[in-house]
Amino acid sequence: MTDLLPYSPTSQTLFVFICSGTKDDESPRTAQYDPNSSIVNVLPVVRRNLIEHRQKAYDLVKKLYNSGARLTTNPYNENLVFGPDLGGIKEGKYLPALKEYIGRFYNEGGLGSDRFEKIVSSGHHVLVISGLYGIIYPNELIQLYESPLEDIPEIQTLWGDDDVLMNIIAEYIIAKNIRFVIDLTAQQEYRNLVDWSAIKELAGPTIFHVHSEHFAGAEGLRFIGKFTRNVLLRMNDGDFERVEGLYVKDSCCLSPSVIPPEGWPMEESARIQKMLYSPESSRVEFKPALTGTTIDLPLQLLFNEMKYRVMKNVGNCSPPQLHFPDKTV
Numbered sequence: 002m003t004d005l006l007p008y009s010p011t012s013q014t015l016f017v018f019i020c021s022g023t024k025d026d027e028s029p030r031t032a033q034y035d036p037n038s039s040i041v042n043v044l045p046v047v048r049r050n051l052i053e054h055r056q057k058a059y060d061l062v063k064k065l066y067n068s069g070a071r072l073t074t075n076p077y078n079e080n081l082v083f084g085p086d087l088g089g090i091k092e093g094k095y096l097p098a099l100k101e102y103i104g105r106f107y108n109e110g111g112l113g114s115d116r117f118e119k120i121v122s123s124g125h126h127v128l129v130i131s132g133l134y135g136i137i138y139p140n141e142l143i144q145l146y147e148s149p150l151e152d153i154p155e156i157q158t159l160w161g162d163d164d165v166l167m168n169i170i171a172e173y174i175i176a177k178n179i180r181f182v183i184d185l186t187a188q189q190e191y192r193n194l195v196d197w198s199a200i201k202e203l204a205g206p207t208i209f210h211v212h213s214e215h216f217a218g219a220e221g222l223r224f225i226g227k228f229t230r231n232v233l234l235r236m237n238d239g240d241f242e243r244v245e246g247l248y249v250k251d252s253c254c255l256s257p258s259v260i261p262p263e264g265w266p267m268e269e270s271a272r273i274q275k276m277l278y279s280p281e282s283s284r285v286e287f288k289p290a291l292t293g294t295t296i297d298l299p300l301q302l303l304f305n306e307m308k309y310r311v312m313k314n315v316g317n318c319s320p321p322q323l324h325f326p327d328k329t330v
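Numbering (this note's numbering), first residue to last: 2 to 330.
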């Protein structure tokens with residue numbers, strides 16, 4: 002069944018979820034695709050770019066491997082077609098996103114089986130980050146698929162380059178007059194796709210990141226899902242407005258920082274980031290004496306509080322060559 006309560010959020014708070022590796026491959030699906038359920042029809046300004054990226058994500062699923070096996074051999078991709086949800090015309094089989102996803106964040110130990118009803122009754126907005134679809138609505142009709150963003154760099158690059166997801170989220174915030182954004186991504190592979198500080202600069206919302214006191218990354222998803230169900234979905238705009246600094250409850254917290262509180266577990270990349278960033282950004286220079294280069298053209302590794310940057314040459318000439326002394330065996 003695909004029948005859901007009408008989803009018409011009215012608050013000024015946006016929750017950002019991530020998709021789930023475990024999906025519902027047993028419930029009956031509909032062949033009737035409803036374009037009105039899609040975010041591309043809610044935000045016409047992002048339609049072309051989002052559909053183009055969905056097409057590219059579909060192409061990646063058709064040609065890439067994961068752990069030595071073609072993604073097309075995954076049972077979840079057996080009936081995946083280039084349907085209207087992806088910019089094509091073939092007839093697919095669909096479930097609403099929040100029925101499709103049944104992993105740790107969404108199952109009985111997390112948001113629970115009545116998760117959509119809880120979201121509707123809260124009045125809050127929800128967007129979901131997906132390896133195949135990019136950004137979707139919680140009631141958006143999607144096909145059964147496997148596109149493991151956290152495992153495949155090409156999929157991360159597709160959605161991370163050119164701030165695709167950040168721009169969509171920012172446009173939504175502006176269009177819906179959102180004042181508070183609750184980042185529930187938990188996993189660095191998803192969280193790092195979005196430049197959260199740029200969203201704040203572009204659209205002006207207050208951003209809270211959710212952390213688990215006992216588990217980092219994917220292991221914390223169940224606890225963050227439960228925290229969302231029992232605490233966050235019961236809060237209103239006024240409650241979020243009254244949060245100052247760190248808000249801790251039920252072994253989870255709302256924090257203005259992507260870095261968990263002192264003493265809380267964190268993923269390794271977050272640990273490195275904590276060592277290197279200042280309130281806005283830090284620069285770590287790799288001098289010739291350290292890199293072995295023969296010209297005084299340092300490399301700089303740029304870190305931003307909300308999103309990682311790659312090592313790059315900050316000069317105007319070609320990257321320096323590394324020289325190593327000959328060794329005699």
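For glycine and all other residues, C-beta sits at the position ideal for the given N, C-alpha and C.
Where does residue i fall in DSSP's three states?
i    : result
Y34  : coil
A187 : coil
H54  : helix
R235 : helix
T295 : Confidence at T295 is low in this model, with a pLDDT of 40, below 50, so the placement of that residue should be treated as unreliable; the coordinate-derived value is given next. Coil at T295, not helix or strand.
R71  : strand
I90  : coil
Y95  : strand
S282 : Residue placement at S282 is poorly supported in this model, since its pLDDT is 41, which falls under 50; the coordinates still yield a value, given next. In the structure shown, S282 sits in a strand (DSSP, three-state: E or B).
From what residue to what residue does the alpha helix (DSSP H) around residue i run?
i    : result
T158 : 154 to 161
I175 : 165 to 176
L99  : 98 to 101
N42  : 40 to 43
E118 : 116 to 123
Just to confirm, is the Cβ distance from residue i to residue j under 7 Å?
i    : j    : result
G104 : G93  : no
M167 : D196 : yes
V121 : Y248 : no
P149 : H212 : no
E268 : Q144 : no
S256 : H215 : no
I169 : Q13  : no
S21  : Y138 : no
F241 : F181 : yes
Y134 : Y77  : no
G113 : R30  : no
E172 : L44  : yes
R55  : L87  : yes
F117 : L233 : no
Determine the closest residue to residue i out of the options, with distance taken between C-alpha atoms.
i    : options              : result
V17  : E53, L99, A70, G88   : L99
V41  : Y34, A32, I52, V82   : I52
E141 : E263, D35, G88, I200 : D35
P10  : I174, A204, E263     : I174
P151 : G132, H126, D163     : Contrary to the premise, residue 151 reads as Glu rather than Pro in this sequence. The shortest Cα separation from E151 among G132, H126, D163 belongs to G132.
For the beta strand (DSSP E) that contains residue i, what are its first and last residues?
i    : result
I136 : 135 to 137
E256 : One detail in the question is off: residue 256 reads as Ser in this sequence, not Glu. Per DSSP, S256 belongs to the beta strand (DSSP E) from 253 to 256.
S131 : 126 to 131
I19  : 14 to 19
V244 : Premise fails: V244 is in no beta strand (DSSP E) and is neither H nor E.
Using a Cβ-Cβ cut-off of 7 Å, state whether residue i counts as contacting chain B.
i    : result
L194 : Reference to chain B is not applicable here, since this structure consists of a single protein chain.
### Message
Give the list of continuous alpha helix (DSSP H) stretches no shorter than 4 residues that lie fully inside the stretch 204 to 231.
### Response
222 to 231
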